[in-house]
Structures are given as C-alpha cells and as structure tokens.
Ligand code: PMT
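Numbering (the UniProt record's numbering), first residue to last: 180 to 401.
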C-alpha cells in the first residue's frame with residue numbers, strides 16, 4: 180500500500196543521549212534531547228513500521244510504539260540493541276552515543292579535596308558499526324553530527340561503517356542540531372544524496388522517513 184510502504188517492517192531505532200557515570204551522582208553526557216529520534220520513530224510508525232525504540236534519558240514521553248526500552252549508558256544501549264539486531268529489518272541510529280566512558284566510576288561521591296581531578300576515559304563500542312557488520316545485516320541508517328565539513332565526514336562514516344544511508348546534520352551552530360526544535364539534514368547513500376532544509380523536527384522526520392522507505396524498498400526490490 181503506497182500510504183504504508185513499511186507495512187509490518189520491524190525497525191530498531193536509538194534516540195537521545197547516553198550518560199556515562201563518574202560516581203553515583205555525576206555523569207558525562209551530551210545535549211541530545213531525543214526530539215529527532217522520537218519524531219523519526221513516530222514518522223516510521225505512520226508509514227506502517229513496527230518500531231522498537233531504545234532510548235537514553237530524555238524529558239519526552241515516548242509515542243505509542245511496538246516497544247520502548249529505556250537505557251542510561253552506552254554499554255546498556257549496546258547490549259539492548261545487539262540483543263534485538265537480528266530481529267529487525269531496518270536499524271536507525273539517531274542516538275548521541277558517548278564515544279568514551281570513565282574507566283573506573285567511583286563507588287562513592289567524589290570529594291572536593293584536590294585542586295584538580297583527572298578522569299581517565301576508555302572507548303565505548305560503536306553500536307552502529309557493529310549492527311552494520313552483522314551478516315545478514317539490517318538495512319542500516321546512521322546519523323552524523325558534525326561542526327564542520329559535514330558532507331565530507333558523513334560520507335566517510337557511510338563508507339567506513341558500511342552503512343546504507345546516513346543523515347548528516349550541522350551541530351553547535353546557531354540553528355538546528357542538538358536540543359533545538361528544528362533541524363536540517365543532508366542525507367547520503369552510496370549513489371545519491373538529498374538535502375532536507377531547516378524545518379521543525381516532526382516534519383523533517385516525516386521527510387526522512389519517506390526517503391528511508393524509498394531506499395529500503397529499492398534495496399529489497401527483486
Ligand atoms: O536529540 P536531539 O536534541 O533532537 O538532537 C538530534 C541529534 C543532533 C542528536 C541527531 O540529529 C544526531 O545527529 N544524532 C547522532 C549524534 C551522534 O552521536 O553522531 P556521531 O557523528 O558522533 O555518530 C555517528 C553515528 O554513530 C550515529 O548514528 C550514532 O548513533 C552512532 N554511534 C556513535 C558512537 C557510538 N559509540 N555508537 C554509535 O552507534
């Protein structure tokens with residue numbers, strides 16, 4: 180059905196930030212509000228998809244979806260995603276996953292004794308790259324958050340991680356990106372691209388969902 184091009188397609192989607200604990204009360208985090216990912220979960224559902232959302236901590240109420248899994252850290256998101264990766268046809272990584280976590284989070288609250296404090300970080304697993312490397316892999320859509328040379332770095336991530344599509348946004352500027360109500364995307368795939376101009380995230384999500392459905396159906400065409 181043309182109005183429901185993703186009818187019955189199982190989608191796994193991540194959204195929001197992760198929190199990497201320093202001690203029982205403090206964490207390293209980022210400015211993701213979850214808006215882009217939640218809007219996309221809703222837009223894909225409207226196209227007929229059965230969406231499972233794996234979400235970091237946000238202030239948003241999730242839309243009605245097949246399943247919502249709440250997580251806090253990148254390692255938790257990694258575990259919940261990988262446990263479900265083989266049961267989806269389409270994966271979308273909208274989450275702003277921390278690349279690093281504190282090596283040894285303190286078991287008790289860190290005290291203000293020293294003039295300076297050093298925190299050692301170690302790399303988190305790359306959830307998106309691991310999903311894309313599975314065989315068979317779901318149709319895999321990543322995001323790229325860049326402050327400069329947006330298209331260049333995004334195409335690098337598309338190729339290096341072996342993705343089917345990537346939605347790139349400029350972050351840290353006066354409009355769009357993290358926290359904002361609006362955003363703009365340059366969507367890239369191996370043999371094409373499309374610019375989606377600055378607009379409210381729910382509308383942008385609907386345009387991106389249509390593009391994902393187009394590419395997904397083409398990919399699965401006989
Ligand atoms: O939540 P909002 O406030 O609405 O903001 C939306 C957004 C700016 C967070 C969103 O549009 C966005 O760009 N999400 C991706 C943010 C990000 O972490 O980008 P990145 O370029 O660092 O990562 C590239 C891709 O790898 C992303 O799909 C990310 O989910 C994934 N990744 C990154 C690191 C990691 N350890 N595991 C991953 O899966």
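Note that the Cβ used here is the ideal one computed from N, Cα and C, for glycine as well.
In the three-state reduction of the DSSP assignment, residue 300 falls in the strand class.
Burial is judged here by how many other beta carbons sit within 10 angstroms of a residue's own beta carbon; residue 257 has at least 16 and is buried. Short of 6 Å from the beta carbon of residue 225, and not among the five residues preceding or following it, lies no beta carbon of its own chain.
Secondary structure remark: continuous beta strand (DSSP E) runs of at least 3 residues inside the region 294 to 376, in chain order: 300 to 302, 318 to 325, 344 to 349, 361 to 368. Per DSSP, the continuous beta strand (DSSP E) segment holding residue 230 begins and ends at 229 to 234. Taking a C-beta distance under 9 Å as the contact criterion, residue 313 and residue 264 qualify as a contact pair.
Annotation for residue 224: the continuous alpha helix (DSSP H) segment containing it runs 214 to 225.
Per the C-alpha coordinates, the member of 252, 241, 363 positioned closest to residue 353 is 363.
Residue 214 places its beta carbon less than 9 Å from that of residue 359. By the C-beta density criterion, residue 400 is exposed, having fewer than 16 other C-beta atoms within 10 angstroms.
Taking C-beta atoms under 8 Å as the contact rule, residue 232 and residue 241 qualify, at a distance of about 6 Å.
In the DSSP assignment, residue 271 falls outside any alpha helix (DSSP H) and lies within the beta strand (DSSP E) extending over 269 to 272.
A distance below 6 Å between beta-carbons, with the five flanking residues on each side excluded, links residue 351 to the following residues of its chain, in chain order: 326.
Here the region 200 to 214 makes contact with the region 269 to 287; the two share three or more CB pairs at distances below 8 Å. Closest in alpha carbon position to residue 211, among 338, 218, 277, 195, is 195.
Annotation for residue 286: no alpha helix (DSSP H) segment contains it, and DSSP assigns it neither H nor E.
About 7 Å separates the CB atoms of residue 227 and residue 184; that is less than 8 Å, so the two are in contact. The bridge partners DSSP lists for residue 379 are 361. The three-state reading of DSSP puts residue 265 in helix, counting H, G and I together.
Pairing residue 371 with residue 345 gives a Cβ-Cβ distance that is not under 9 Å.
Within 8 Å of the C-beta of residue 264 there is not a single heavy atom belonging to the ligand PMT.
Between the ligand PMT and the CB of residue 365, the shortest heavy atom gap is not smaller than 8 Å.
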